[in-house]
Structures are given as C-alpha cells and as structure tokens.
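K.L.:
Chains A and B are the protein sequences, given in the same order.
Just so we're aligned: 321 in the UniProt record's numbering is position 321 of the first sequence, and the numbers increase by one with no gaps anywhere.
Just so we're aligned: 88 in the UniProt record's numbering is position 88 of the second sequence, and the numbers increase by one with no gaps anywhere.
Each residue gets a CB set at the ideal place from its N, CA and C atoms; glycine is no exception.
There are 2 protein chains.
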Amino acid sequence: MQGISFAQQVSIDLGERSYPILIGSGLLDDPAVYEGAKPGTQALIVTNTVVAPLYAERLAGVLARRHSAVRTLALPDGEQFKTWETLNLVFDALLSSSADRKTTLYALGGGVVGDMTGFAAACYMRGVPFVQVPTTLLAQVDSSVGGKTAVNHPLGKNMIGAFYQPQRVVCDLDVLKTLPPRELSAGLAEVIKYGPIADMGLLDWLETNMEALRACEISALAHAVKRSCQIKADVVGADERESGLRAILNFGHTFGHAIEAGMGYGAWLHGEGVGAGMVMAAELSRELGLVDAAFVQRLKALIHRAGLPTRGAILDENDNAGRYLQLMRVDKKAESGEIRFVVIDGPGRAAVRGAPDALVRAVIDRCCAA
Amino acid sequence: MQGISFAQQVSIDLGERSYPILIGSGLLDDPAVYEGAKPGTQALIVTNTVVAPLYAERLAGVLARRHSAVRTLALPDGEQFKTWETLNLVFDALLSSSADRKTTLYALGGGVVGDMTGFAAACYMRGVPFVQVPTTLLAQVDSSVGGKTAVNHPLGKNMIGAFYQPQRVVCDLDVLKTLPPRELSAGLAEVIKYGPIADMGLLDWLETNMEALRACEISALAHAVKRSCQIKADVVGADERESGLRAILNFGHTFGHAIEAGMGYGAWLHGEGVGAGMVMAAELSRELGLVDAAFVQRLKALIHRAGLPTRGAILDENDNAGRYLQLMRVDKKAESGEIRFVVIDGPGRAAVRGAPDALVRAVIDRCCAA
Numbered sequence: 001m002q003g004i005s006f007a008q009q010v011s012i013d014l015g016e017r018s019y020p021i022l023i024g025s026g027l028l029d030d031p032a033v034y035e036g037a038k039p040g041t042q043a044l045i046v047t048n049t050v051v052a053p054l055y056a057e058r059l060a061g062v063l064a065r066r067h068s069a070v071r072t073l074a075l076p077d078g079e080q081f082k083t084w085e086t087l088n089l090v091f092d093a094l095l096s097s098s099a100d101r102k103t104t105l106y107a108l109g110g111g112v113v114g115d116m117t118g119f120a121a122a123c124y125m126r127g128v129p130f131v132q133v134p135t136t137l138l139a140q141v142d143s144s145v146g147g148k149t150a151v152n153h154p155l156g157k158n159m160i161g162a163f164y165q166p167q168r169v170v171c172d173l174d175v176l177k178t179l180p181p182r183e184l185s186a187g188l189a190e191v192i193k194y195g196p197i198a199d200m201g202l203l204d205w206l207e208t209n210m211e212a213l214r215a216c217e218i219s220a221l222a223h224a225v226k227r228s229c230q231i232k233a234d235v236v237g238a239d240e241r242e243s244g245l246r247a248i249l250n251f252g253h254t255f256g257h258a259i260e261a262g263m264g265y266g267a268w269l270h271g272e273g274v275g276a277g278m279v280m281a282a283e284l285s286r287e288l289g290l291v292d293a294a295f296v297q298r299l300k301a302l303i304h305r306a307g308l309p310t311r312g313a314i315l316d317e318n319d320n321a322g323r324y325l326q327l328m329r330v331d332k333k334a335e336s337g338e339i340r341f342v343v344i345d346g347p348g349r350a351a352v353r354g355a356p357d358a359l360v361r362a363v364i365d366r367c368c369a370a
Numbered sequence: 001m002q003g004i005s006f007a008q009q010v011s012i013d014l015g016e017r018s019y020p021i022l023i024g025s026g027l028l029d030d031p032a033v034y035e036g037a038k039p040g041t042q043a044l045i046v047t048n049t050v051v052a053p054l055y056a057e058r059l060a061g062v063l064a065r066r067h068s069a070v071r072t073l074a075l076p077d078g079e080q081f082k083t084w085e086t087l088n089l090v091f092d093a094l095l096s097s098s099a100d101r102k103t104t105l106y107a108l109g110g111g112v113v114g115d116m117t118g119f120a121a122a123c124y125m126r127g128v129p130f131v132q133v134p135t136t137l138l139a140q141v142d143s144s145v146g147g148k149t150a151v152n153h154p155l156g157k158n159m160i161g162a163f164y165q166p167q168r169v170v171c172d173l174d175v176l177k178t179l180p181p182r183e184l185s186a187g188l189a190e191v192i193k194y195g196p197i198a199d200m201g202l203l204d205w206l207e208t209n210m211e212a213l214r215a216c217e218i219s220a221l222a223h224a225v226k227r228s229c230q231i232k233a234d235v236v237g238a239d240e241r242e243s244g245l246r247a248i249l250n251f252g253h254t255f256g257h258a259i260e261a262g263m264g265y266g267a268w269l270h271g272e273g274v275g276a277g278m279v280m281a282a283e284l285s286r287e288l289g290l291v292d293a294a295f296v297q298r299l300k301a302l303i304h305r306a307g308l309p310t311r312g313a314i315l316d317e318n319d320n321a322g323r324y325l326q327l328m329r330v331d332k333k334a335e336s337g338e339i340r341f342v343v344i345d346g347p348g349r350a351a352v353r354g355a356p357d358a359l360v361r362a363v364i365d366r367c368c369a370a
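1) In this structure, what does DSSP give as the bridge partners for GLY24(A)?
2) Roughly how many angstroms separate the alpha carbons of TRP84(B) and ALA267(A), rounded to a whole number?
3) Along chain A, in chain order, which residues have C-beta atoms closer than 7 Å to that of GLY337(B)?
4) So which residues on chain C does LEU290(B) lean against when the C-beta distance must stay under 8 Å?
5) Are the C-beta atoms of ALA122(A) and some chain B residue less than 8 Å apart?
6) Could you check the C-alpha separation between SER18(B) and ALA301(A) for me, to the nearest Å?
7) Find the nearest neighbour of CYS368(A) within the set GLY201(A), GLY322(A) and THR208(A), judged by alpha-carbon distance.
8) Below 9 Å between beta carbons is the criterion; list the residues of the region 8 to 39 of chain A that meet it against any residue of chain B, in chain order.
9) Between HIS153(B) and chain A, is the shortest Cβ-Cβ distance under 8 Å, so that the two count as touching?
10) Give, in chain order, every unbroken run of the alpha helix (DSSP H) that is at least 4 residues long and sits entirely within the region 237 to 271 of chain A.
11) With which residues is PRO134(A) paired in a DSSP beta bridge?
12) For GLN230(B), which of VAL141(B), VAL33(B), CYS171(B) and ALA258(B) has the nearest alpha-carbon?
13) Check HIS67(B) in the structure and name its three-state DSSP category.
14) Would you kindly report the start and end of the unbroken alpha helix (DSSP H) that includes HIS88(A)?
15) Can you say whether ARG246(B) is buried or exposed, counting buried as having 16 or more other CB atoms within 10 angstroms of its CB?
16) Quick one: which unbroken alpha helix (DSSP H) runs of 4-plus residues sit fully inside the region 144 to 200 of chain A? Chain order, please.
17) Spell out whether any CB of chain A is found under 8 Å from the CB atom of MET125(B).
18) Along the beta strand (DSSP E) that carries ALA350(A), what are the first and last residues, could you check?
19) What are the boundary residues of the beta strand (DSSP E) that includes LEU315(B)?
20) What does CYS367(B) pair with, by DSSP beta-bridge criteria?
21) Is there at least one Cβ from chain B nearer than 8 Å to SER161(A)'s Cβ?
22) Tell me the residue span of the alpha helix (DSSP H) that contains ILE303(B).
23) Output needed for ALA350(B): all residues of its chain with C-beta closer than 8 Å, excluding positions within five of it in sequence on either side, in chain order.
24) State the DSSP-derived secondary structure class of GLU338(B), mapped to helix, strand or coil.
25) Under 8 Å between beta-carbons, which chain A residues line up against ALA150(B)? List them in chain order, please.
26) Apply the 10 Å Cβ neighbour rule to LYS193(B) and answer buried if 16 or more other Cβ atoms are within range, or exposed otherwise.
27) What residue does the beta strand (DSSP E) around LEU44(B) start on, and which one ends it?
28) Since PHE341(A) meets chain B, which of its residues come closer than 7 Å, beta carbon to beta carbon?
29) If you reduce the DSSP assignment to three classes, tell me which class VAL51(B) lands in.
30) Within the same chain, show all residues whose beta-carbon is closer than 6 Å to that of ARG214(B), passing over the 5 residues directly before and after it, in chain order.
31) So if I threshold CB-CB distances at 8 Å, which residues from the region 74 to 100 of chain A count as touching chain B?
32) Flag this pair as touching only if the region 109 to 116 of chain B and the region 48 to 55 of chain B have three or more C-beta atom pairs under 8 Å; answer yes or no.
33) Using the Cα positions of GLU317(B) and ASP292(B), report the straight-line distance between them to the nearest angstrom.
34) Check each candidate in LEU14(A), SER25(A), PRO20(A) and ILE21(A) and name the one with the smallest Cα separation from ALA220(A).
35) Using a Cβ-Cβ cutoff of less than 6 Å, which residues in the same chain neighbour VAL170(A) once the five nearest sequence positions on both sides are dropped?
36) Helix, strand or coil: how does DSSP classify ALA74(B) here?
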C-alpha cells in the first residue's frame with residue numbers, strides 16, 4: 001500500500017493559506033503524503049466510532065513518524081452529534097493532554113468529523129494546524145475545498161462556524177470501498193451538482209460513468225473527485241469569504257437544508273437532501289424560464305441513477321410549502337428574510353436570485369412525494 | 001453631547017481588515033462616529049446587566065438612525081460568565097430574531113463583553129460585522145487592538161477563540177467616570193505595561209500624571225488610551241497572528257493568569273493579576289541579570305500608585321510555587337510544557353524566553369504575600 005497509484009493533486013491557491021489536495025489509492029498510510037505539513041510534537045486524530053476501527057490505527061501508525069505523541073478521539077457518529085457539546089469533547093481532549101498551539105488536528109472521517117475538527121482547530125487557542133483525511137465521497141468532493149467549518153445550532157444548520165483552511169487534504173480513494181452504498185450515493189449528489197452549475201462536460205462524463213462510480217472503480221473516482229475539487233477551487237479562489245459567486249455551490253442546498261431540518265437532522269443524508277433539492281431548484285429555474293423541461297428531466301434521471309431521491313419529503317401534512325418557506329427563511333443565504341435561490345441560468349451556468357412565494361410554492365407542491 | 005471634544009484617532013493598519021479607533025469625549029451617542037461602519041438592517045447590542053441601565057438606551061438611540069431593528073441583549077456580568085453557555089445566549093438571540101449575515105453586533109461593555117461579542121461575531125454564520133464600544137479603561141487600551149476574541153474553558157482562560165477584527169472601536173472617555181475605582185486601576189495596569197516593554201517616555205509621563213488619570217481627567221485619559229493603542233497597534237501590525245513579537249504584550253500576564261486561575265476567575269480582576277504579575281516578571285528579569293533592582297522598584301512604586309496589588313496571591317499553602325508552575329504550564333504561550341516568560345531585556349525593551357524552574361520558584365516565593 002506504499003506506492004501512490006493514480007495519485008493526483010489539486011492546488012488550492014489562497015495566498016499564504018494555500019494547500020494541496022492529494023487524490024489517489026493507498027494514500028492513508030503513505031508517509032510521503034504527510035511530508036510538508038507543519039511539524040509539531042503532538043497530534044490528535046479526531047474521528048468517529050464507525051471510522052476509528054477501520055482506519056485510525058493505520059493513520060496513527062504513519063503519524064507516529066512525525067509526532068512524538070499521537071492520540072485518537074472517536075466522537076459519536078452522525079449529523080445529530082454535530083453540536084457544540086460534541087465539539088467540546090475535542091477541547092477537553094486537547095486541554096487535558098496539555099496540547100499546545102503547535103498541535104496538529106487530523107480529521108479522519110466524513111463531513112461531520114471534518115467540519116467539527118476544522119472548527120475545533122480554528123478555535124483552539126485561536127487556531128492550530130489541521131489536516132483533512134476525508135473518508136466519504138461527500139467529504140472528499142465537498143469539504144476538501146473551501147475552508148468551511150461549523151457546528152449546528154438547534155435553530156439552524158452550520159450556524160456557528162469559521163472559515164479556516166487545512167494544511168492539506170488527503171483523499172484516499174480506497175477507503176470509499178468500505179462506504180455504505182447510500183453514503184456513496186449521497187456523495188455523488190455533490191459531484192453531479194458541479195455539472196449544471198459549471199461544466200456540462202462533467203454531466204456528459206457522469207452519464208457515461210455512473211455505474212463505474214457506484215462500483216468504486218478507482219480511475220472513475222479519481223476523475224470525479226479531482227474534477228469536483230478543481231471546479232470548487234476555481235469558484236472558492238475567486239470568493240473565499242462567500243460574498244457572492246461562491247453561493248452558486250449551494251445549488252440544491254436551500255431546498256435540501258429545509259428537508260434535512262424539517263425531517264430532523266440525520267433522517268435524510270445531506271446528499272439526499274441535495275439530490276431532491278437539485279430537482280426542485282432545476283424545476284424552479286424552468287418556472288423562471290431559464291432552462292427547458294428536457295434539461296430538468298436529464299438532471300433528474302442522472303440523480304435517480306446515482307441512487308438518490310428525486311422528490312422532496314412532506315414536512316407538514318397541512319401546509320407543506322409553508323413549512324419549506326419557513327425553514328428556508330432562516331437559511332444563512334437568506335437576506336432580511338428574502339430567500340436567495342441558486343438557479344440554473346442556462347445549462348452549465350448558475351445564478352442567485354429571489355423568486356415569488358407563489359412560484360416557489362407551486363414548485364414544492366409539484367416536487368414533493370405525496 | 002454631540003460635539004467631539006478631544007477626539008483622537010488611531011488607525012489600525014491590517015490591509016482589508018483595517019479599522020479606526022476613535023477616542024474622545026461624548027462619542028457614545030454621536031452619530032458621526034458610527035458613519036462608515038457597514039450598514040445592515042439589523043443590529044444587536046450585546047452588553048451586561050451593569051452597563052445596560054447606564055448606556056444601552058443611548059447607544060440604541062443613535063443606532064436606530066442606521067439600522068431599522070436594534071435589539072439589546074444584557075449578559076450576566078463577570079469573568080465567571082465568559083463561557084460557551086453565555087456565548088450561546090448571543091446565538092440564541094440572533095437566531096430567534098432571524099438575524100442574517102449582514103447583522104452588526106455592537107459590544108457595549110468591558111473586556112468580557114468585548115471578547116465574547118467578538119467571538120460570537122466571528123462564529124455566527126462564519127462571521128458578521130462587529131463594533132467595539134468599550135466602557136472600561138482596560139477594554140479601551142487593551143481589547144481595542146489586536147482582534148483577540150475568546151471564551152474561557154474550565155481548564156484554561158481564553159482557550160477557545162478567534163482572531164477577528166472589529167469594524168471600528170469607539171472609546172468614549174466620559175463613560176470611565178462611572179467605572180468603580182478598582183476597575184479603573186485594573187485598566188491602568190495595561191497602560192503601565194506599555195512603558196517597560198516599549199516606551200520609557202510613557203513611564204515618565206505616567207509618573208507625572210497618575211493622579212490626573214485616577215481622577216478621570218479627560219485630557220490625561222485621552223493621552224493614555226491613545227498612546228497605549230498606538231504602541232499595541234505597532235506591535236500587532238507587525239504580528240497579527242501572534243507568531244512572535246506580539247507575545248511581548250503579555251508582560252506580566254503569565255504570572256497574572258496563574259493568579260486569576262488559581263484564585264478562581266473573578267476573584268482577582270485581570271488587571272490586578274497583571275499588576276502583581278508585572279512585578280514578578282520584572283523580578284525574574286532582574287534575577288536573569290537583564291535589569292537592575294532600581295528598575296524593579298520604580299515599576300513597583302508606579303503599580304502601587306495606580307492602586308494595584310504588587311504582591312502575588314498565595315495559591316497553595318503547601319507548595320505555592322509548584323501551583324504557579326503547574327498553572328503556567330497550561331498557558332497558551334507554553335510550548336511543549338516549557339513556560340515562555342516575557343522579560344524586560346533592558347528598560348523599554350521586552351523579550352520572550354524560558355527560565356530555570358528553580359529561579360522561577362525563588363521569584364514566586366519572594367513576590368507572594370505571606
């Protein structure tokens with residue numbers, strides 16, 4: 001497992017906060033991929049109770065070459081634990097082992113572990129180095145780029161957080177083979193997203209390679225992860241602090257977050273909400289006259305082939321659309337109560353805009369499972 | 001109260017994060033001083049239950065000209081409430097009023113309010129604008145510059161936080177007249193600090209003007225606040241993220257934090273810990289052969305005239321020095337367990353270095369009240 005097969009690299013260019021994303025097979029315990037990250041006596045691997053038995057020992061083994069003390073902290077698994085209380089377990093572990101401000105945090109897990117570890121690194125002593133080792137496809141294509149870290153608040157998802165960049169991201173594609181098929185599908189939602197908003201060539205490629213991806217063929221995964229990271233890097237590079245352009249990355253997320261929040265965090269996977277949410281956002285784009293019905297149908301078919309839901313959940317039996325609107329108004333992207341939607345402004349191009357409530361209600365009514 | 005008397009300005013130059021500190025009389029409710037800060041529909045004034053009845057209404061009145069919704073949140077007063085739980089009250093207030101990411105937070109209070117409001121602003125939706133309106137001398141001379149925000153953790157002070165810059169700082173000197181004398185003295189500790197580490201001319205000036213300062217003469221306060229902010233700005237401008245030089249601002253703080261933590265947060269005011277801590281750090285500098293006994297005596301006399309303690313507290317009847325060392329080893333400035341002391345490397349010049357435990361023990365034994 002020492003050789004780097006299919007090793008690819010995407011460079012995230014953010015001035016003094018620049019870092020590389022390494023993508024390939026057998027990277028997890030290859031000492032070469034950790035060279036160049038900041039040294040420091042202590043390391044804390046933050047993971048969860050599902051991932052820890054699979055990979056924590058291998059990571060701790062390779063890190064023991066770089067740090068004289070390597071500890072592992074396994075958090076409870078799941079979006080419902082993405083809270084301040086869980087985050088505090090990281091601070092407790094750091095402080096009780098007298099971790100200094102040169103201690104490196106390694107996030108070994110999916111998006112929840114990555115978001116919490118990154119936020120812990122951003123806040124501990126006002127900032128310590130951290131390295132992302134994402135073990136889900138979702139985390140590899142989405143959390144690898146952008147520096148978004150956060151925890152949830154009872155009144156909203158990802159409401160408390162920071163923009164904080166890792167030292168590097170290590171995407172070992174082999175670990176995706178242990179991922180439950182449902183989670184692999186959830187990750188594919190974020191890959192698909194990059195097609196309609198930025199690259200119709202990627203949409204073509206996905207239509208040809210969807211089966212290879214779902215079968216975890218390494219070369220297909222490598223292309224999907226690399227291309228997704230590249231597109232996201234281009235967008236984030238132009239707008240690190242999410243003041244404008246970067247918002248297009250939230251295609252499908254406004255509706256998707258409403259589903260996640262309305263069903264209770266953890267019931268729908270994030271990617272599942274994004275899958276159904278992209279269909280709803282595409283349908284809204286069609287209602288606004290920006291794309292035709294064939295485009296919506298094509299996207300919907302691909303989302304279905306990825307093993308994702310294409311219809312939203314019923315969140316309220318009496319006033320379903322009203323409940324969606326209520327939840328979307330507290331979204332971070334809302335401004336003074338006006339919901340901002342990412343729409344497809346012609347294939348391969350996204351835009352952010354408001355929409356009349358009546359139109360949004362019609363889309364929700366049409367796109368939700370009866 | 002509309003005219004700006006004695007108005008002074010210090011510019012903090014941090015590239016795109018630059019901001020002004022406005023210093024003068026009658027600034028609190030002068031509309032002119034808030035012009036230029038980012039506009040936005042909502043504003044939340046975060047203050048405490050002591051300051052709120054004195055100044056919140058005046059601030060809310062002037063802010064109503066700039067924001068259509070101005071809310072006030074009064075937190076419990078005191079260092080013991082500088083916790084995540086209290087911080088969460090700010091997030092609750094923001095989320096329950098659907099505050100968007102253009103909402104401005106105004107910190108109206110002392111260092112605790114400023115640190116918590118700044119950290120809340122840094123984290124809420126990954127960053128919203130905030131304005132500091134410090135109402136204590138300590139906050140005006142210390143928290144105004146540097147962007148340090150934080151909350152305490154049961155295992156250490158200011159352990160969880162962020163570097164986050166305000167839009168501007170409004171130092172109204174009139175409000176210092178309502179400050180209890182003990183808190184005014186605590187603020188003077190941070191003013192005195194700038195003498196030995198950077199500017200012996202300031203030390204001379206303080207020896208002449210100590211009575212005027214303690215009597216809250218506006219022109220004396222204006223000079224002390226302005227000069228302190230200038231010196232701190234020079235140091236911070238060269239080292240925003242506290243990688244080296246900036247550490248000299250912690251003169252007296254390593255010993256002082258041990259006193260604060262050892263006595264239980266809130267028993268000693270921060271500035272009181274720094275007062276006694278500066279004497280201990282000066283004595284350590286003398287032990288290291290860097291300054292003479294006359295220098296230590298001169299500094300000690302000035303600290304005494306400021307109404308501050310010049311001897312450390314007894315933290316442990318059996319092994320007092322051991323308890324100090326134990327507490328200082330978990331300080332953020334410690335590296336791999338080695339305590340880093342800020343010492344006076346000749347009058348007006350500071351340095352950061354380690355020291356043998358035996359020497360530190362001797363200093364503690366000599367400088368603590370029996």
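P.N.:
A quick look at the data gives this:
1) Looking up residue 24(A) in the first sequence gives position 24. DSSP lists ASP172(A) as partners of GLY24(A).
2) For the purposes of this step, residue 84(B) is identified with residue 84 of the second sequence, where counting begins at 1. For the purposes of this step, residue 267(A) is identified with residue 267 of the first sequence, where counting begins at 1. Going from the Cα of TRP84(B) to the Cα of ALA267(A) covers about 28 Å.
3) In the second sequence, counting from the first residue as 1, residue 337(B) sits at position 337. Those are SER98, listed as they occur along chain A.
4) Included in the structure are the protein chains A and B, with no chain C among them.
5) Mapped onto the first sequence, residue 122(A) falls at position 122. Closer than 8 Å: yes.
6) By 1-based counting over the second sequence, the position of residue 18(B) is 18. By 1-based counting over the first sequence, the position of residue 301(A) is 301. C-alpha separation (whole angstroms): 50 Å.
7) As a first step, residue 368(A) must be located in the first sequence, where it is residue number 368. For CYS368(A), the nearest C-alpha among the options comes from GLY322(A).
8) none
9) The residue you call residue 153(B) lines up with position 153 of the second sequence. Taking Cβ atoms only, chain A reaches closer than 8 Å to HIS153(B), which makes this a yes.
10) 253 to 263
11) The count along the first sequence starts at 1 and reaches residue 134(A) at position 134. DSSP, once it has assigned bridges, lists GLY109(A) as partnering PRO134(A).
12) For the purposes of this step, residue 230(B) is identified with residue 230 of the second sequence, where counting begins at 1. When each option's Cα is compared against that of GLN230(B), the closest is VAL141(B).
13) Position 67 of the second sequence, counted from the start, is the residue given in the question as residue 67(B). HIS67(B): coil per DSSP, three-state reduction.
14) Along the first sequence, one-based indexing puts residue 88(A) at 88. Before going further, note that residue 88(A) is Asn rather than His in the sequence given. Looking at the DSSP string, the run of the alpha helix (DSSP H) that includes ASN88(A) is 84 to 96.
15) For the purposes of this step, residue 246(B) is taken as the residue at position 246 of the second sequence. Classification of ARG246(B): buried, given that the 10 Å Cβ count is 16 or more.
16) 181 to 198
17) Walking along the second sequence from the start, residue 125(B) turns up at place 125. Interface residue, yes.
18) The residue you call residue 350(A) lines up with position 350 of the first sequence. 350 to 353 is the span of the beta strand (DSSP E), which, as asked, contains ALA350(A).
19) The residue given as residue 315(B) occupies position 315 in the second sequence. Neither: LEU315(B) is in no beta strand (DSSP E) and is coded neither H nor E.
20) Here the question's residue 367(B) lines up with position 367 in the second sequence. CYS367(B) pairs with nothing; no bridge assigned.
21) For the purposes of this step, residue 161(A) is identified with residue 161 of the first sequence, where counting begins at 1. The sequence given here has Gly at residue 161(A), not Ser. Closer than 8 Å to some Cβ of chain B, the Cβ of GLY161(A) qualifies, so yes.
22) For the purposes of this step, residue 303(B) is identified with residue 303 of the second sequence, where counting begins at 1. ILE303(B) -> alpha helix (DSSP H) spans 293 to 305.
23) Counted from its first residue, the second sequence places residue 350(B) at position 350. Correct list, in chain order: PRO196, ILE197, ALA198, ILE248, PHE251, VAL342, VAL343 and ILE344.
24) Translated into the one-based positions of the second sequence, residue 338(B) becomes position 338. In the structure shown, GLU338(B) sits in a strand (DSSP, three-state: E or B).
25) For the purposes of this step, residue 150(B) is taken as residue 150 along the second sequence, with counting starting at 1. What ALA150(B) touches in chain A: ARG126.
26) Taking the first residue of the second sequence as 1, we reach residue 193(B) at position 193. With 16 or more Cβ atoms within 10 Å of its Cβ, LYS193(B) is classed as buried.
27) Within the second sequence, the letter at position 44 stands for residue 44(B). That run of the beta strand (DSSP E) goes 42 to 48.
28) Position 341 of the first sequence, counted from the first residue, corresponds to residue 341(A). Per Cβ cutoff of 7 Å: no residues; PHE341(A) is ~16 Å from chain B at best.
29) Here residue 51(B) corresponds to residue number 51 of the second sequence, with the count starting at 1. Residue state, collapsed to three classes: coil.
30) Residue numbering aside, residue 214(B) sits at position 214 when the second sequence is read from its first letter. Once the five neighbours on either side are set aside, ARG214(B) has no close Cβ partner at all.
31) TRP84, ASN88, PHE91, ASP92, LEU95, SER96, SER98 and ASP100
32) yes
33) Sequence index remark: in the second sequence, residue 317(B) carries index 317 (1-based). Sequence index remark: in the second sequence, residue 292(B) carries index 292 (1-based). Straight-line Cα distance between these residues: approximately 30 Å.
34) Working through the first sequence from its first residue, we reach residue 220(A) at position 220. Ranking the options by Cα distance to ALA220(A), first place goes to SER25(A).
35) For the purposes of this step, residue 170(A) is identified with residue 170 of the first sequence, where counting begins at 1. Excluding sequence neighbours, VAL170(A) sits near LEU22, LEU27, VAL33 and VAL133.
36) Your numbering for residue 74(B) matches position 74 in the second sequence. It is a strand residue.
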